[in-house]
Amino acid sequence: MALPFVKYEGLGNDFIVVEADDLDALSPDDAARLCDRHRGVGGDGVLLVGPPSGAAAATMRVLNADGSRPEMCGNGLRCVALFLATRKLQPEGAEGALSLMLSTDAGPRGCAVTWTESGAAGEVTAEMGRGEVLGELRFADPALEFAHISMGNPHAVSFGPALTSAEVDRIGAALSRAVPGGTNVEFAEIIAPDDIRVVVWERGVGRTQACGTGACATVVAAALAGRSPFGAPVRVTLPGGPLEIVVAEGSLEVSLRGPARRVFSGVAPGLSLRQSVP
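Count along the sequence shown from 1, then add 807; that gives the number in our numbering.
Dropping the structure here:
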């Protein structure tokens, strides 16, 4: 009994990619075991890649490191797009470019992928859907205001000076607990209208190197507040590196551009996909 996987990362946000005909075949407990950095493979989440659905080349489901199921993951989307483009839809070892659609819990997402000759690394531009304003949130100590934005999954975005790692952990965890269903939390510092630094506390994971949907939500909030432009690239620098975000005025449709990289492949002993019952 062993489970084949491929490890991918996008700006240090790392994932275990598993192919599954049945997306319910991996239990939340087994996903958490895989993500354990001491006793498992290690990762911020598991990306389950299922069969095509309509016009989509595949179906993607995300499981967080604690086994919970978020609606969407921008860095995971780029990793799955690179996996499909270089391992499934094109011969391995060929340099190229490909556009494809993925079905996600947040709806269909289009991706344009370019990759190096080895297929181990690439750039992905992903259509992330529309940003939606959910309201505002407040935190008491210290006094902080957050724009509550959905990118298919919820984000609370605050603008201000950089916080310490301990403050990010404390405030992120407390605010997420206070919101029904939880929320991701972004702490953003605007360097210039087209240059934002962000630290993310992710629901179900904690502080991570990067969060694609969090970067998108941050630019949506910044543009709506008049701090960043609509219709032009905004560089969002996370601990793991930069992403490029464009938010359309009016529709709030968002595109994200950033890297993805294959790290290694292997098998996880003692784990397997559950057999579906007819």
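Note that the Cβ used here is the ideal one computed from N, Cα and C, for glycine as well.
Query: Within a Cβ cutoff of 7 Å, which residues of the same chain sit near G1077, ignoring the five residues on either side of it in sequence?; Result: M808
Query: Look at the alpha carbon of L941 and the alpha carbon of C880, and state the distance between them as a whole number of angstroms.; Result: 18 Å
Query: Between which two residues does the beta strand (DSSP E) carrying L896 extend?; Result: First-last for L896: undefined, no H or E at that position.
Query: Can you confirm whether the region 998–1018 touches the region 926–938 when touching is taken to mean that 3 or more C-beta pairs between the two stretches lie within less than 8 Å?; Result: no
Query: Give me the residue from F946, R1064, R937 with the minimum Cα distance to L884.; Result: R1064
Query: How is P835 classed by DSSP in three states: helix, strand or coil?; Result: helix
Query: How many whole angstroms separate the CB atoms of L889 and Y815, which I take to be in contact at a CB cut-off of 8 Å?; Result: 7 Å
Query: Determine the direct distance from the alpha carbon of V1005 to that of A1024, and round the result to whole angstroms.; Result: 11 Å
Query: Answer yes or no: do R1014 and S965 have a C-beta to C-beta separation smaller than 9 Å?; Result: no
Query: With 9 Å set as the bound, which would you pick, yes or no: does the beta-carbon of E939 sit closer than that to a beta-carbon of chain B?; Result: This model lacks chain B altogether; it includes just one protein chain.
Query: How about the region 860–870 and the region 827–835: do they share at least three Cβ pairs that are nearer than 8 Å?; Result: yes
Query: Taking its Cβ as the centre, do 16 or more other Cβ atoms sit within 10 Å of V1074, making it buried, or is it exposed?; Result: exposed
Query: Using a 10 Å radius around the Cβ and a threshold of 16 neighbouring Cβ atoms, would you call V1084 buried or exposed?; Result: With a pLDDT of only 46 at V1084, under 50, the local geometry of the prediction cannot be trusted, and the value read off the model is given with reservation. Classification for V1084: exposed.
Query: In this structure, what does DSSP give as the bridge partners for S957?; Result: E939, P961
Query: Go ahead and pull the three-state DSSP assignment for P1085.; Result: With a pLDDT of only 47 at P1085, under 50, the local geometry of the prediction cannot be trusted, and no value is derived from it.
Query: Let's test the definition: count the other Cβ atoms within 10 Å of the Cβ of E1009 and tell me whether it reaches 16, buried, or not, exposed.; Result: buried
Query: Determine the direct distance from the alpha carbon of N882 to that of F946, and round the result to whole angstroms.; Result: 28 Å
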